[in-house]
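Peer 1:
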Amino acid sequence: MNRICWWFQHALTRLLPAGERDAVCGDIEEAGESGAAALRDVIGLIARREAEWWRADCQRWLPMIVVADLLAIRLSLYARDFGRQSAVYAWMYLNNWTPLYVDGAAWRWDLIQYVAVFVLAGLRIACFSAGAGAAIGFISRRAWALNALVLYLLVIACAVAILVQQHDDAPFALALYNLLLPLTAEAALVAGPAFWGMRLGRRFERRSI
Amino acid sequence: MLGEFEYLLLTAAARLGDDAYGAAMRQEIETATGRRCSIGALYTTLDRLEAKGLVKTWMGDPTPQRGGRPKRMVQVTAEGVREAAAFYTAVTNVSHGVSWAVKRAQS
Numbered sequence: 059m060n061r062i063c064w065w066f067q068h069a070l071t072r073l074l075p076a077g078e079r080d081a082v083c084g085d086i087e088e089a090g091e092s093g094a095a096a097l098r099d100v101i102g103l104i105a106r107r108e109a110e111w112w113r114a115d116c117q118r119w120l121p122m123i124v125v126a127d128l129l130a131i132r133l134s135l136y137a138r139d140f141g142r143q144s145a146v147y148a149w150m151y152l153n154n155w156t157p158l159y160v161d162g163a164a165w166r167w168d169l170i171q172y173v174a175v176f177v178l179a180g181l182r183i184a185c186f187s188a189g190a191g192a193a194i195g196f197i198s199r200r201a202w203a204l205n206a207l208v209l210y211l212l213v214i215a216c217a218v219a220i221l222v223q224q225h226d227d228a229p230f231a232l233a234l235y236n237l238l239l240p241l242t243a244e245a246a247l248v249a250g251p252a253f254w255g256m257r258l259g260r261r262f263e264r265r266s267i
Numbered sequence: 010m011l012g013e014f015e016y017l018l019l020t021a022a023a024r025l026g027d028d029a030y031g032a033a034m035r036q037e038i039e040t041a042t043g044r045r046c047s048i049g050a051l052y053t054t055l056d057r058l059e060a061k062g063l064v065k066t067w068m069g070d071p072t073p074q075r076g077g078r079p080k081r082m083v084q085v086t087a088e089g090v091r092e093a094a095a096f097y098t099a100v101t102n103v104s105h106g107v108s109w110a111v112k113r114a115q116s
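Order-wise, the sequence lines are chains X and F. The first sequence runs 59 to 267 under our numbering. The second sequence runs 10 to 116 under our numbering.
1. On the premise that glutamate 37 of chain F lies in contact with leucine 25 of chain F, defined as a C-beta separation below 8 Å, what is that separation, rounded to the nearest angstrom?
2. Consult DSSP for lysine 65 of chain F and reduce its assignment to one of helix, strand or coil.
3. According to a CB-to-CB cut-off of less than 8 Å, which residues of the segment 83 to 96 of chain X neighbour chain F?
4. Is there at least one Cβ from chain X nearer than 8 Å to isoleucine 48 of chain F's Cβ?
5. For alanine 99 of chain F and alanine 22 of chain F, what's the separation of their Cα atoms in angstroms?
6. Can at least three beta-carbon pairs, one atom from the segment 39 to 56 of chain F and one from the segment 89 to 107 of chain X, be found at a separation below 8 Å?
7. Which runs of the beta strand (DSSP E) at least 3 residues long sit entirely within the segment 179 to 251 of chain X? Give them in chain order.
8. Have a look at valine 95 of chain F and asparagine 102 of chain F and give me their C-alpha separation to the nearest angstrom.
9. Of all Cβ atoms in chain F, is any one closer than 8 Å to the Cβ of histidine 68 of chain X?
10. Give every residue of the same chain whose Cβ lies closer than 8 Å to the Cβ of glutamate 244 of chain X, excluding the five residues on either side of it in the sequence, and list them in chain order.
11. Counting only beta-carbon separations shorter than 8 Å, does proline 79 of chain F have a partner in chain X?
12. Can you list the alpha helix (DSSP H) stretches of 4 or more residues lying completely in the segment 143 to 175 of chain X, in chain order?
13. Apart from the five residues just before and just after alanine 192 of chain X, which ones in its own chain have a Cβ nearer than 6 Å to its Cβ?
14. Once DSSP output is grouped into helix, strand and coil, what is the label at arginine 45 of chain F?
15. Give me the chain X residues within the contact set of glutamine 74 of chain F, using Cβ-Cβ distance strictly less than 7 Å, ordered along the chain.
16. Any beta-carbon of chain X closer than 8 Å to the one on methionine 10 of chain F?
17. Using the rule of at least 16 other Cβ atoms within 10 Å of the residue's Cβ for burial, across every protein chain shown, is serine 198 of chain X buried or exposed?
18. Give me the Cα-Cα distance between isoleucine 267 of chain X and tyrosine 172 of chain X, rounded to the nearest whole angstrom.
19. Glycine 93 of chain X: which of X:Pro157, X:Trp65, X:Val125 and X:Phe186 sits nearest, CA to CA?
20. Answer yes or no: do tyrosine 210 of chain X and alanine 145 of chain X have a C-beta to C-beta separation smaller than 8 Å?
21. May I have the straight-line CA-CA distance separating arginine 75 of chain F from aspartate 99 of chain X, to the nearest angstrom?
22. Could you work out which residues of chain F lie near arginine 107 of chain X, taking near to mean beta carbons separated by less than 7 Å?
23. Measure the alpha-carbon distance for cysteine 67 of chain F versus alanine 89 of chain X and round it to whole angstroms.
24. Arginine 261 of chain X to threonine 71 of chain X, Cα distance in whole Å?
25. Can you give me the start and stop residues for the beta strand (DSSP E) that glutamine 84 of chain F sits inside?
26. Could you give the residue range of the alpha helix (DSSP H) that holds histidine 68 of chain X?
Shown next as structure tokens:
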């Protein structure tokens, strides 16, 4: 038990700045504390540090949480609509394929138009998501993890809403169009680009100090 | 006005002088109060006192008895001495004539 406590204590001290970590570990060693007491001390220090920071910086992280909420909901709705509309057209072409679609000039032009429209719409949502992620990563500083968590919880909530929604149209009788495509759209156009944007925003934020 | 724990830290640091650092101050406070002093309370209060300009801290040299780890050394500033003195005067003045202060003076 004592060894487990020491292991956790060592792992948790990594959350402290390097200089302070050494000073704290030295103090604990000098006091000759047990593993449980050392663990309690380190947890207490980390909790107090976090509490101080949250209290001091609430003007900064509170508005960002609201922004992250709104962005997550809006982007998820865009992705859901995109998934639903593209499902209809994908079903129309893939499940009812006929060589006429490429042989006939008018049909071919329609196909090219639809593909272009959906690629551009998908890119637009992905760019918005990456931009939102970058803003969260850059502005929210230490609160970025919380804002990212809020954003992803809302994206997951929207994905669950997609799962429980029922549609009577023919394409949505198939799991590919009813579930797989909208969920892939959520993941590829919102969750993935937002994560990439957040990492980019964090990198710029570190450089700007 | 200082808080009670801030005053304890300033007093412990002033008493220890050049030997004031985390573990020694903790020991001093625990001996004086008879209560456990957590590292979290000690270090976050030290940060606050440093931000107010009442103490100055720096990393000392590594010592073998601490596994080669450095100490966070503490020194009370002139402003810290003034604030601690003001707190002590206020506590002494407000305690004048109360039963526990009279008892302590008689014993």
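From the three backbone atoms N, C-alpha and C, an ideal C-beta is built for every residue, glycine too.
Peer 2: The answer reads as follows:
1. Here leucine 25 of chain F really is in contact with glutamate 37 of chain F; their C-beta atoms are around 6 Å apart, less than 8 Å.
2. It is a strand residue.
3. Within the segment 83 to 96 of chain X, the residues whose Cβ lies closer than 8 Å to some Cβ of chain F are Cys83, Gly84, Asp85, Ile86, Glu87, Glu88 and Ala89, listed in chain order.
4. Cβ-Cβ to chain X under 8 Å: yes for isoleucine 48 of chain F.
5. The alpha-carbon atoms of alanine 99 of chain F and alanine 22 of chain F are separated by roughly 20 Å.
6. Put simply, the segment 39 to 56 of chain F touches the segment 89 to 107 of chain X. At least three CB pairs are less than 8 Å apart.
7. Complete beta strand (DSSP E) runs here, min 3: none at all.
8. Here residue 95 of chain F turns out to be alanine, not valine, going by the sequence shown. Cα-Cα distance, rounded: 10 Å.
9. Not closer than 8 Å to any Cβ of chain F, the Cβ of histidine 68 of chain X fails to qualify, so no.
10. The beta carbon of glutamate 244 of chain X lies closer than 8 Å to those of Ser134, Ala137, Arg138, Gly141, Val213, Cys216, Ala217 and Ile220 in the same chain, with the five residues before and after it left out.
11. True, the Cβ-Cβ gap to chain X drops below 8 Å.
12. Here the runs fully enclosed are 158 to 161.
13. Here the set comprises Gly255, Leu258 and Gly259.
14. The DSSP-derived three-state label of arginine 45 of chain F is coil.
15. Within 7 Å of the CB of glutamine 74 of chain F, the CB atoms of chain X belong to Glu88, in sequence order along the chain.
16. No, no contact with chain X.
17. Buried.
18. At isoleucine 267 of chain X the pLDDT is 45, less than 50, meaning the model places this residue with poor confidence and gives no usable figure here.
19. Ranking the options by Cα distance to glycine 93 of chain X, first place goes to X:Trp65.
20. No, the Cβ-Cβ distance between tyrosine 210 of chain X and alanine 145 of chain X is not below 8 Å.
21. Each residue's Cα considered, the two are about 17 Å apart.
22. Against arginine 107 of chain X, the close residues of chain F are Thr53, in the order they occur along the chain (beta-carbon pairs closer than 7 Å).
23. Going by the sequence as given, residue 67 of chain F is tryptophan instead of cysteine. Taking the straight line from one Cα to the other gives about 20 Å.
24. Each residue's alpha carbon lies about 24 Å from the other.
25. That run of the beta strand (DSSP E) goes 81 to 85.
26. Histidine 68 of chain X -> alpha helix (DSSP H) spans 60 to 71.
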